[in-house]
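These notes concern the structure reproduced below.
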Amino acid sequence: MSLSNEERSTLVKLELKKATETFEEIGILIAANRWNGAANRLYYAVFHAVNALFVNDGLLVNTHKGAHALFHLHYIKTGIFDGEYGKLYNQLQTMREESDYNCAYDVEPDELTKRIEPARQLIEEIELYVS
Numbered sequence: 090m091s092l093s094n095e096e097r098s099t100l101v102k103l104e105l106k107k108a109t110e111t112f113e114e115i116g117i118l119i120a121a122n123r124w125n126g127a128a129n130r131l132y133y134a135v136f137h138a139v140n141a142l143f144v145n146d147g148l149l150v151n152t153h154k155g156a157h158a159l160f161h162l163h164y165i166k167t168g169i170f171d172g173e174y175g176k177l178y179n180q181l182q183t184m185r186e187e188s189d190y191n192c193a194y195d196v197e198p199d200e201l202t203k204r205i206e207p208a209r210q211l212i213e214e215i216e217l218y219v220s
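Here the sequence shown stands for residues 90 to 220, numbered as in this note's numbering.
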């Protein structure tokens with residue numbers, strides 16, 4: 090499906106809005122000691138920002154693993170974004186999958202909290218890139 094420039098711009102803005110709103114939910118979940126839910130929201134905040142990149146640059150992706158691969162191929166390997174953000178995206182995806190699908194796994198608060206600021210920074214860098 091081909092998008093007009095106006096449609097593309099609208100979708101990018103919607104993905105970034107979703108990223109921001111999802112990021113804001115993290116504080117609510119942490120205050121309620123819902124660390125697994127906070128991990129889910131942190132991953133999805135970054136995921137929506139990354140999707141804004143794809144829409145902005147005309148890349149099509151259908152799965153989370155596909156998004157992960159495209160992010161690394163087009164933005165990490167090319168040096169558009171620092172390699173640490175690639176590692177962060179990997180860690181967030183793993184944490185989210187473990188906390189969502191493994192009933193014996195619980196997110197450690199310190200493992201999550203140390204990733205919040207880098208995730209916020211990545212979202213901000215993506216916002217700058219697409220603007």
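From the three backbone atoms N, C-alpha and C, an ideal C-beta is built for every residue, glycine too.
In this text, all values refer to a predicted model and were calculated from it rather than measured experimentally.
Can you tell me which of Lys154, Lys102 and Ser188 puts its alpha carbon nearest to the alpha carbon of Ile215? On the sequence shown, position 126 is the one that residue 215 refers to. Out of Lys154, Lys102 and Ser188, Lys102 has the C-alpha closest to the C-alpha of Ile215.
Cα separation between Lys203 and Lys107? Taking the sequence shown and counting its residues from 1, one reaches residue 203 at position 114. Taking the sequence shown and counting its residues from 1, one reaches residue 107 at position 18. C-alpha separation (whole angstroms): 22 Å.
Could you tell me the distance, in whole angstroms, from the CA atom of Glu187 to the CA atom of Leu217? In the sequence shown, residue 187 corresponds to position 98, counting from 1. In the sequence shown, residue 217 corresponds to position 128, counting from 1. For Glu187 and Leu217, the distance between alpha carbons rounds to 31 Å.
DSSP three-state label for Ile169, please. Indexing the sequence shown from 1 puts residue 169 at position 80. Ile169 sits in coil when the DSSP states are folded into three classes, being neither helix nor strand.
Run the CB neighbour count on Ile117, radius 10 Å, all protein chains shown included, and call it buried at 16 or more, exposed below. Counting from one through the sequence shown, the residue named residue 117 turns up at place 28. Counting of Cβ neighbours within 10 angstroms places Ile117 among the exposed residues, the total staying below 16.
Element boundaries [alpha helix (DSSP H), containing Gly155]: To locate residue 155, count along the sequence shown from 1; it is residue 66. Here the alpha helix (DSSP H) through Gly155 covers His153 to Phe160.
Between the beta-carbon of Leu131 and the beta-carbon of Ala208, is there less than 8 Å? If you number the sequence shown from 1, residue 131 lands on position 42. If you number the sequence shown from 1, residue 208 lands on position 119. Yes, the pair counts as a contact, with Cβ atoms nearer than the cut-off.
Assigned secondary structure, Arg130 (DSSP; H/G/I helix, E/B strand, else coil): For the purposes of this step, residue 130 is identified with residue 41 of the sequence shown, where counting begins at 1. It is helical.
Just to confirm, are Asn125 and Asp195 a CB contact at a threshold of 8 Å? As a working note, residue 125 is residue 36 in the sequence shown. As a working note, residue 195 is residue 106 in the sequence shown. Yes. Within cutoff.
Go ahead and pull the three-state DSSP assignment for Ala175. Along the sequence shown, read from residue 1 onward, the residue named residue 175 stands at position 86. A small fix is needed here, since residue 175 is Gly in this sequence, not Ala. In the three-state reduction of the DSSP assignment, Gly175 falls in the helix class, which pools H, G and I.
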